[in-house]
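Below is one structure; the comments refer to it alone.
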Amino acid sequence: MMSQHRIPVFPETAPLSIEHREIIEQALEKRQPEVSEHNFTEIFMWKDSRQLSLSFMDNCFIISGKSGDAYFMHLPLGAEGVPSAIKKVLGYFRDKSIKCGLYALVPGEFEKFSVDSEEFIKEPLRDQFDYVYLRDDLARLEGRKYDGKRNLIKKFKEANSFSFEKITGANIEECIIFQEHWCKVRNCPDDLSLNEESTGVMEVLKNYSRLSCTGGALRIGGEIQGITVASRLNKDTALVHIEKANANYKGIYQVINNTFVTEMLDGFEFVNREQDVGVEGLRKAKLSYYPHHMVEKHMVYLR
Numbered sequence: 044m045m046s047q048h049r050i051p052v053f054p055e056t057a058p059l060s061i062e063h064r065e066i067i068e069q070a071l072e073k074r075q076p077e078v079s080e081h082n083f084t085e086i087f088m089w090k091d092s093r094q095l096s097l098s099f100m101d102n103c104f105i106i107s108g109k110s111g112d113a114y115f116m117h118l119p120l121g122a123e124g125v126p127s128a129i130k131k132v133l134g135y136f137r138d139k140s141i142k143c144g145l146y147a148l149v150p151g152e153f154e155k156f157s158v159d160s161e162e163f164i165k166e167p168l169r170d171q172f173d174y175v176y177l178r179d180d181l182a183r184l185e186g187r188k189y190d191g192k193r194n195l196i197k198k199f200k201e202a203n204s205f206s207f208e209k210i211t212g213a214n215i216e217e218c219i220i221f222q223e224h225w226c227k228v229r230n231c232p233d234d235l236s237l238n239e240e241s242t243g244v245m246e247v248l249k250n251y252s253r254l255s256c257t258g259g260a261l262r263i264g265g266e267i268q269g270i271t272v273a274s275r276l277n278k279d280t281a282l283v284h285i286e287k288a289n290a291n292y293k294g295i296y297q298v299i300n301n302t303f304v305t306e307m308l309d310g311f312e313f314v315n316r317e318q319d320v321g322v323e324g325l326r327k328a329k330l331s332y333y334p335h336h337m338v339e340k341h342m343v344y345l346r
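So the working numbering is basically just the index in the sequence shown, starting at one, shifted up by 43.
Below, the structure is given as structure tokens:
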């Protein structure tokens with residue numbers, strides 16, 4: 044059975060694809076989400092590694108998937124029917140003795156979507172909390188707390204002749220070649236996490252013209268040595284999906300971050316730089332930029 048958008052009615056599903064961008068983005072625009080996972084480019088980036096699929100139920104679009112042995116669903120997208128869709132989908136899996144969680148709810152959504160009762164279990168996911176910064180803080184890097192960042196940027200600029208440009212159809216193939224090399228140097232096929240991430244990065248780059256993205260590329264000596272890609276999460280917040288660079292150039296990541304937010308994200312108040320996934324070094328790096336706030340995500344289960 045198919046919906047009006049030729050999307051199967053749950054429990055039937057269709058693999059998520061670029062063709063679903065418009066309907067998902069329209070639904071997300073109405074919701075104005077806070078969490079990084081509630082963004083089409085982010086969803087599209089991880090569609091293969093998370094086995095993401097789309098279905099329709101109770102006037103809602105249902106995005107569901109599987110990570111390893113864990114089944115999950117995203118918050119249903121629709122103006123009405125969200126609470127009933129949550130219970131029906133989670134109940135469907137429970138009845139099959141499959142544990143499935145509703146992924147990435149913030150505490151303020153518990154009551155709104157009727158998961159605040161004893162019928163549901165809520166588990167905080169600290170490793171998945173999003174780091175959100177004031178865009179002006181990242182652009183200006185003012186004060187003693189950013190001395191280290193400014194020094195790295197200064198030394199990079201003194202040591203390298205570089206340029207920064209917008210990612211377009213004219214340079215996207217060079218960006219793809221850069222990412223392929225980045226992955227080869229790090230032996231991505233031998234690291235599941237890196238391989239999944241790189242697969243997602245390549246999906247975004249290869250479909251760049253069909254996604255609602257803004258990106259920048261940094262050149263040194265005429266060659267692309269770093270790329271970054273973001274899109275709009277909500278009316279106030281940009282979401283950075285990709286930031287890759289040749290780490291042989293000390294300070295290059297700080298330069299890409301600072302230049303990108305300064306030149307290409309000036310219309311936003313906040314920048315969401317996603318989660319640290321529990322990696323100590325990544326957590327330390329994200330905290331060193333002094334986030335304005337964290338987006339506290341929870342997994343919700345039906346008892």
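A virtual CB, placed ideally from N, CA and C, is assigned to each residue, including glycine.
Coil, strand or helix - proline 51 by DSSP: Counted from its first residue, the sequence shown places residue 51 at position 8. Note: proline 51 maps to strand in three-state DSSP.
Leucine 168, DSSP secondary structure in three states: The residue labelled residue 168 in the question sits at position 125 within the sequence shown. Here leucine 168 sits in coil by DSSP.
Contacts around glutamate 162, its chain only, beta-carbon distance under 7 angstroms, and the 5 residues preceding and following it disregarded: Indexing the sequence shown from 1 puts residue 162 at position 119. Only Leu345, Arg346 meet the Cβ criterion.
Contact under 8 angstroms by Cβ, valine 314 with tyrosine 176: Here the question's residue 314 lines up with position 271 in the sequence shown. Here the question's residue 176 lines up with position 133 in the sequence shown. Yes, these two residues count as a Cβ contact at 8 angstroms.
Unbroken beta strand (DSSP E) run spanning glycine 324, endpoints: Here residue 324 is taken as the residue at index 281 of the sequence shown, counted from 1. Segment 323–330 is the alpha helix (DSSP H) holding glycine 324; no beta strand (DSSP E) there.
Contact check, glutamate 68 vs phenylalanine 83, beta carbons under 8 angstroms: The residue you call residue 68 lines up with position 25 of the sequence shown. The residue you call residue 83 lines up with position 40 of the sequence shown. A contact, by the Cβ cut-off of 8 angstroms.
Leucine 133 beta carbon less than 8 angstroms from that of serine 421: The question about residue 421 has no answer here: the residues shown for the chain are numbered 44 through 346.
Helix, strand or coil at glycine 111 according to DSSP, with G and I counted as helix: Your numbering for residue 111 matches position 68 in the sequence shown. In this structure, glycine 111 counts as coil in the three-state DSSP scheme.
Cβ separation of histidine 341 and lysine 165, assumed to be a contact under 8 angstroms, to the nearest whole Å: The residue given as residue 341 occupies position 298 in the sequence shown. The residue given as residue 165 occupies position 122 in the sequence shown. Correct: roughly 5 angstroms between the Cβ atoms.
Entirely enclosed beta strand (DSSP E) segments - the stretch 197–248, minimum 3 residues: 205–209
Host alpha helix (DSSP H) of glutamine 69 (start-end): Stepping through the sequence shown from its first residue, residue 69 is reached at position 26. Here the alpha helix (DSSP H) through glutamine 69 covers 64–74.
Beta strand (DSSP E) segment containing threonine 271, residue limits: Counting from one through the sequence shown, the residue named residue 271 turns up at place 228. Taken as a continuous stretch (DSSP letters only), the beta strand (DSSP E) holding threonine 271 covers 266–277.
Sufficient close CB pairs (3 or more, under 8 angstroms) joining the stretch 223–237 to the stretch 68–78: no
Length of the line joining the Cα atoms of alanine 213 and alanine 182: In the sequence shown, counting from the first residue as 1, residue 213 sits at position 170. In the sequence shown, counting from the first residue as 1, residue 182 sits at position 139. Spanning the two alpha carbons is a distance of roughly 27 angstroms.
Own chain, CB closer than 6 angstroms to glutamate 80, minus 5 neighbours either side, in chain order: Taking the first residue of the sequence shown as 1, we reach residue 80 at position 37. These residues qualify, in order along the chain: Ala147.
Cβ pair glycine 269, leucine 261 closer than 8 angstroms: Reading the sequence shown from its first residue, position 226 is the one you call residue 269. Reading the sequence shown from its first residue, position 218 is the one you call residue 261. In contact: glycine 269 and leucine 261 (Cβ atoms closer than 8 angstroms).
Arginine 193 - DSSP class collapsed to helix/strand/coil: Start at 1 with the first residue of the sequence shown, and residue 193 comes out as number 150. Looking at arginine 193 - three-state DSSP - the assignment turns out to be helix.
Alanine 4, buried or exposed, once every other Cβ within 10 Å from all chains shown has been counted against 16: Examination of residue 4 is not possible in this model, given that the chain is present from 44 through 346 alone.
For methionine 100 and phenylalanine 53, the rounded distance between their alpha carbons: Here residue 53 corresponds to residue number 10 of the sequence shown, with the count starting at 1. Here residue 100 corresponds to residue number 57 of the sequence shown, with the count starting at 1. Taking the straight line from one Cα to the other gives about 6 angstroms.
Beta-carbon gap between valine 272 and glycine 258 smaller than 8 angstroms: In the sequence shown, residue 272 corresponds to position 229, counting from 1. In the sequence shown, residue 258 corresponds to position 215, counting from 1. Yes; because the gap between Cβ atoms is below 8 angstroms, this pair is in contact.
As assigned by DSSP and simplified to three states, the class of proline 58: Locating residue 58 in the sequence shown gives position 15, where the first residue counts as 1. Residue state, collapsed to three classes: strand.
Residue range of the alpha helix (DSSP H) that includes glycine 134: Your numbering for residue 134 matches position 91 in the sequence shown. Looking at the DSSP string, the run of the alpha helix (DSSP H) that includes glycine 134 is 125–138.
Residue range of the beta strand (DSSP E) that includes leucine 282: For this step, residue 282 is matched to residue 239 along the sequence shown. Note, leucine 282: beta strand (DSSP E), 280–288.
Same chain, Cβ closer than 7 angstroms to proline 126, five either side skipped, listed in chain order: Translated into positions along the sequence shown, residue 126 becomes position 83. So the qualifying residues of the chain are Phe156, Ser157.
Neighbour-count burial assignment, leucine 330, 16 or more Cβ in a 10 Å radius: The residue given as residue 330 occupies position 287 in the sequence shown. Its Cβ having fewer than 16 others within 10 Å, leucine 330 is exposed.
Distance CB(leucine 118)-CB(phenylalanine 104) smaller than 8 angstroms: Position 75 of the sequence shown holds residue 118. Position 61 of the sequence shown holds residue 104. In this structure, phenylalanine 104 does not lie closer than 8 angstroms to leucine 118 by Cβ.
Minimum C-alpha distance to aspartate 279 - residue among Tyr251, Glu317, Leu308: Looking up residue 279 in the sequence shown gives position 236. The option with the nearest alpha carbon to aspartate 279 is Leu308.
Buried or exposed by the 16-neighbour rule on C-beta atoms within 10 Å, applied to proline 295: Against the sequence shown, residue 295 aligns to sequence position 252. Here residue 295 is isoleucine; the residue named in the question, proline, does not match the sequence. Classification for isoleucine 295: buried.
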